[in-house]
Every structure is written in C-alpha cells, then in structure tokens.
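Working notes, structure below.
Chains as they are written, first to last, in our numbering: chain E, 6 to 598; chain P, 38 to 248.
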C-alpha cells in the first residue's frame, strides 16, 4: 500500500546537508523549495513573455542570441511563427502550473499552514517531500522540451486536441515536445495530489488545543479550500494527460476524430472526439483558476487585517464565500467552450453559474472595501500589494461579466479581450498575492527584513505597469485582434500595431521592475536587518516564534490558543492587539456568534 | 522516518483540538485518496460515455458466452474477496493475527484469480484482433476505451494485491496494526465498488442484441 509510516517519533533536527536542504522532511524547507522553484519558473516565464512581446511589436527584427536557444526556431535570431507558438505554450504552462499554483498554494501553504494551526509538521512528511520532488521533476521534464526533439509543443497551455493529439505531423514540437508536456503535467498532478492530502489532514487533525475551525486564520481556510479543489481537479487532469499520451504513443484516437486531413494526408485515426479533451481539460482548468486565486484571497485578507488593525466585517462570510467560489468553480467550466461546437443550450446552462460565481467574488471584494473604509491602514509594501490585488481582481473580474454571456463571448472569444481578462484576474492578481505574502512573511521565512523603499518602488512600477500592459488588451480585443497570432503586419490588424508596440515597451519596463524585487529578495536574504519575532504586530501563531522558526516550530511545546485569529484594537489591553496564544482575558466584541 | 512528534491517529486530546471526524488521520487520508481516485475513474467513465454517444457505429460484440459469464465469475470472485477482507479485518480487530493474515492472503488470492481471468479474457480478445487502435467489430475507440478502463481497474487490483501481501507481512511482523488492515480494506472495497460501475457500462451495454 502507501507509505503510512508516519508514526510517533522524537524529532531530531537532521544534520546532513542532504537531509537538511535537499531531501528534507521539514515542511518549512519544502515550502521554501516550492517558493524557490516558483521563483526560477516565474523569471523564465517572464523572459519568454519578453521575447513574445518583442516579436509581436517588431516582427522582422532579429533578437540577438536567440539562435543560441534554438537554431531551428530562430535562425539568425529571427523568430519563426512556430517558435512564437512554442514560446507561448511554455509561457502559459510554466506560469499557470509552476508559478501560480506552486508559490501561493504549495509554497506559502507548506511553510505556514502547519505553523498557523499550531502543528509541528504535516502528518505525512515523506508524502510532502515526494510532492515537491515530483513537481521538480515535472518542471525539468517540461523544460527539457526546449532541448529535445524539435522543440516545445505549439498547442498552448490548454493543449487543445486534435492539434495536441495527432503528433509530429501537426508541426514542430507536436511529437516529442507534446508528449513531454503531457508527462510533465501528469507528474505535476500527482505531486499536487500528495500535497493536497497533507494540507487537508493537517488542517483537520493537527490543530493545537484551542484552535477551533473558526479560530483558524483566513490563510489556513484559503489553503484548506484550495487543497479540497486540488484533490479532485488534478485527479481529472491526470487521466486526461494519460489518454493524450496514449494517443501519441499507443495509436489510440481518444481525441482525434475520424477523417481528419492534415497536410493533404488523411490520418488513420477514427472514433475520437476533439471536444472530449476540452471537457476533461476545463473540468480541471476552471477549478485551477481558483486554485491560483483563492490562496491570494486568504493572504490578502490576512495582510490587510494586520495592517488595518481591525478584523474584517465578517470572518464567517469570507470563509463561506471562498467555499462558494470553490464549489461553483466545478460548474462553470463550459464557459470556456461557448464557441467550441458544444450544444448552444449547454452554453446557456454554463452561463448561469458563471454569473452566479460573481456573487461570492463580489461579496469578498465588498468585505475588503467596507473593512478598509475608515480604517487607518498601515502603508507598507505588503499592504500596498494587497490593495493592488483588490484592484486587479476587480478590474479583471468586471470583464468576466462580459465573457460569461455567450452572446457577447461569440464576438470576444479568442481575442485579446480574453487574454487581458485572465491575465488581470488570475495571473497578475495571483502574482500580487504572491508579492503580498513575500513582503509580509519574508522576515519570518528568512530572519531578515526586506527593504521597504525598494518594495514600494517595486509596487508602483508593477501596479502602473500591469495596467499599462493589460488594459490595452481589452481595447485590442474589442477591435477584433485575435489571440495567438504571431504577427499583425499585413492584415486588418495592422492599424493596431502601435498599441502592440506600446504594450511591448510597457512589458519590457514592468519586467525590468521585477529585477528590483529579485535584487531586494537576494540582498535582504543576506544583508537585510535582522527580523524581530513579530515585526508587523500580528496575532497569528507564526509570529509567536523566532524568525526564522526553529526546526520543530514551537520548541517542543504545544501552544494553546485562546482567541479568535484577529484580535486587533482591543480596549484595555496592553497593546492594541492580542495574540492567539496569549492567555490574557479580554472582552471581545465578536462580529458574529 | 517521520521526525514530527505527531502520533498519527493517536494524538492526545489534551494537546490538540481533535479532528471534526472521529477517525484516525491515516484513515482520513485514505478516504481523501479514494475521493480523488473516484474523480479519476469518473473522468474515465464520463469520457467513455461521451465517446460512446458521439459514435454512431459503436459495436456491441460481447456474447453471453464467454464474455458475460466470465464477467459474472470475475464479479463473484471480487465481491467474495471483499467479504474475506471483512473477515480479515474482524480477526485483526479481535487480535487474532494468524487468522487475519490468512484471510488477507485469501483476499489477495481472490485478486490474483480475478487478474488471471481478466488477462485471459484480454488475451482472447487480442487473439481475435482487438488492440488499442484496431478491432474487428467497429470503431477503433471501442478497443481503446475497453482496454484503458479495464486496464486502469486491473492496475488498481494489482496494486491492491501487492499491498495486501506487503501490509499482511508487516502486520504479522508487528509493524502495522489492525487499523492499517481496515484502511487497506477501504481501498479494496473501493476497487470492488468501481468494478460495479465497469461491469454494466463497459460489458453489459456492449452485449450483442439477440434477435
């Protein structure tokens, strides 16, 4: 059966380098490993987006040195159309899987979930270690597509069939590259399943004395809800990837319809359905969007409360809304397929829950706004990025109303409007969640403070920059600019080229601003001022321990929790806040019973 | 080696808040795994139904003899093995180690017989020319979906047989206890339950109509 030997054992801090830093069982090290992986991935993904943007704006310009990456894809530094699509596929796959899922969920979640519930570790540390290393191998397999065969696949991060299923005949990268892609994603699914099992059991079973479910910080709730989604969503993508691999290597035709002609050649396949891939993929794909964003919602709430010095209007409604997002996320996936040839009646059915899901999302935003109203918010890098998260979430969410309606989506589908929508509401918002968490928890994770001036500079450049990049996307989409084209030089989209050049310049500058973040991260890690245990005067359990936390988190003691997670602005208390494990008696005015 | 001082399934009430479900952590994690595995099987069966509906020339090649009879025998064996698993769990709970171990081996034997019958059936079909990408009866997707769904199930049975033997030996050696047997039992019953969906969808729906 499985390795379930997580039995009681006295904990010894490992001494060997390998056990301590590489094959570590410590949830904090694994969390940092996930974060580090996401950090590497996000800069690769960003560099790829630079190349793509540069090519879109100056299609016939050579990019010096690109031929070193791929002599076939960019002979003499001039990107071929196929290579543009290959880069696009890799950008999407890297960002969605190895950044937006890895950092806010697996990274911060691993580090802080056990600490915030008062546990010494997760119940199955070996599963946890395997989870990271399987994810790492998945990343390596994906990156190997750059160097093996004829390059990465062309079919985008959604890998739509039949392009993804028919093999090398469909273009470079569709043979070996696509198989590597499918193997990588299948491995990733296994890794996240193992992680989800640990997250759920930690939350349910390892809460310390007094940490009732309603006393858990919102971050814990967010990770818990996310792992519930991960448990079933990845379990559906896994067989889908395996069927895709079978189509490639075993000659099956699950996703290839009969009578398909490619390059004047009729394929021998018969009987499959191209729509089936979309059904399986989006059944995973839509929960995945919320897997990326819900941890951000938790982190932003946590950080805002700490800096507002007062709890949210309603703890319970916030939790309920995150749960509703997760639940509804399984019922809306068909809105990705309005124009795919699905029965139009199905489109109408999927449109309804898609509009309904905006209700919990709106309530979440209103809770933030009304809690912020009249509060004396402490402005620092973390709280700025939390505000930025709300801004992106709203700006990206509003365009969702348009796309949720089949009649409008028929026009807007597969245009830059959609690209702008999901980049703002999912990608950039989730990234802002990661930044919020980083500026907030970096002192705890490393024992050093980050540079606040650089952090604020990073915020303003990123905030203005992302709007400069993604707002024009909506305009382009409404003007009919379709996505996934590698050039707009001599067709009806040519008048829009100026907008593309503006976006490219904005993207290059905003990307460069991320180097400030990287510098801040590395410099602070080694040269930052030493962090006190509780620099933000926060209340949850991670701030009761030294920075960074010792190996066994609570030094062999079991913390006892006496209070709700966010006791700020307490009258008659020595501070304006009471930590969760403080035995101090306080009169609390609970916002709800 | 687990370094955390967390006695899974046995943490003291004074130190922790306790689970909202009154089951040990290991059992909870098995239930969670089964939820996720159920999603995997559901995805495969839904895909199968989708393809079947989308294909006008879906073949119905199975005859009462041998296919349906064989499936009935396999079903009987698998259900019986669930029963023997129950006996093993009951014996383990009563502390009767050798009895529990023997019934686990009998359960594993049931799984092995099931697998042999299954592979024999596969070989027969392969002998008639059915493969993942071609079959003599109609659309190629028939063979692909038949072999992949029954193959996924067979993989689960095989894994279960290995687990039964390994956990059984370690239980006899004192490393695992009765709870572990019960948790493994959950898995075994789940594999049985999945078969209850495979039989009607993959076998009975594809039986040749009699005129």
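For glycine and all other residues, C-beta sits at the position ideal for the given N, C-alpha and C.
- As a beta-bridge residue in DSSP terms, residue 535 of chain E pairs with E:453.
- Look at residue 247 of chain P here: in three-state DSSP terms it is coil, with no helix or strand label.
- A buried status is given to residue 37 of chain E, since no fewer than 16 other beta-carbon atoms sit within 10 Å of its beta-carbon.
- Close to residue 200 of chain E, with beta-carbon spacing below 8 angstroms, lies no residue of chain P; the smallest spacing is near 12 angstroms.
- Note: residue 572 of chain E is bridge-paired with E:583 in the DSSP secondary-structure output.
- For residue 48 of chain E and residue 232 of chain E, the gap between their C-alpha atoms comes out near 26 angstroms.
- Rounded to whole angstroms, the gap between the alpha carbons of residue 169 of chain P and residue 124 of chain P is 39 angstroms.
- Distances from the CA of residue 33 of chain E to each of E:208, E:125, E:352, E:198 were compared; the closest alpha carbon is that of E:125.
- Contact check between the region 225-244 of chain E and the region 192-200 of chain E: three or more CB pairs, one atom from each, fall below 8 angstroms, which counts as touching.
- By DSSP's assignment, residue 53 of chain P forms a beta bridge with E:213.
- Not flagged as an interface residue toward chain E: residue 230 of chain P, since no C-beta distance is shorter than 8 angstroms.
- Residue pairing by DSSP places residue 267 of chain E opposite E:270 in a beta bridge.
- Around the beta carbon of residue 94 of chain P, a 10 Å sphere encloses fewer than 16 other beta carbons of the protein chains shown; the residue is thus reported as exposed.
- In terms of CA proximity to residue 24 of chain E, E:130 leads the group E:385, E:122, E:130, E:139.
- Residues of the same chain with a CB within less than 7 angstroms of the CB of residue 111 of chain P, apart from the 5 flanking positions on each side, are 151, 154, 155 in chain order.
- Residue 229 of chain P and residue 122 of chain P have their C-alpha atoms spaced approximately 11 angstroms apart.
- Taking C-alpha positions only, residue 262 of chain E is separated from residue 390 of chain E by approximately 47 angstroms.
- Within its own chain, the residues whose Cβ lies closer than 6 angstroms to the Cβ of residue 459 of chain E, once the five positions on either side in sequence are excluded, are 521, 525, listed in chain order.
- One thing to note: residue 98 of chain E has its Cβ no nearer than 8 angstroms to the Cβ of residue 160 of chain E.
- The shortest CA-to-CA distance from residue 184 of chain P to any of P:207, P:158, P:129 is the one to P:158.
- Cβ contact annotation for residue 220 of chain P (same chain, cutoff 7 angstroms, sequence separation greater than five): 63, 64, 67, in chain order.
- The three-state reading of DSSP puts residue 99 of chain P in strand, counting E and B together.
- Between residue 73 of chain P and residue 236 of chain E the beta-carbon gap is near 5 angstroms, inside 8 angstroms, which marks them as a contact.
- The Cβ-Cβ distance between residue 250 of chain E and residue 175 of chain E does not fall below 8 angstroms.
- Rounded to whole angstroms, the gap between the alpha carbons of residue 77 of chain E and residue 152 of chain E is 11 angstroms.
- Below the 7 angstroms Cβ cutoff, chain P contributes 69 as neighbours of residue 205 of chain E, in chain order.
- For chain E, the residues of the region 161-180 of chain P that bring a beta carbon within less than 7 angstroms of one of its beta carbons are 169, 170, 176, 177, 178, in chain order.
- With contacts defined as CB atoms closer than 8 angstroms, residue 316 of chain E and residue 310 of chain E qualify as a contacting pair.
- Under the DSSP assignment, residue 37 of chain E falls in the alpha helix (DSSP H) whose first and last residues are 32-62.
- Per the DSSP secondary-structure output, residue 363 of chain E pairs with nothing in a beta bridge.
- Put simply, the region 296-313 of chain E touches the region 98-111 of chain E. At least three CB pairs are less than 8 angstroms apart.
- Contact between the region 428-448 of chain E and the region 459-479 of chain E is established, with three or more Cβ pairs separated by less than 8 angstroms.
- Contacts with chain P at 8 angstroms (Cβ-Cβ) include residue 216 of chain E.
- In this structure, residue 467 of chain E sits away from residue 511 of chain E, with a CB-CB distance that is not shorter than 8 angstroms.
- In this chain, the alpha helix (DSSP H) harbouring residue 63 of chain P covers 62-91.
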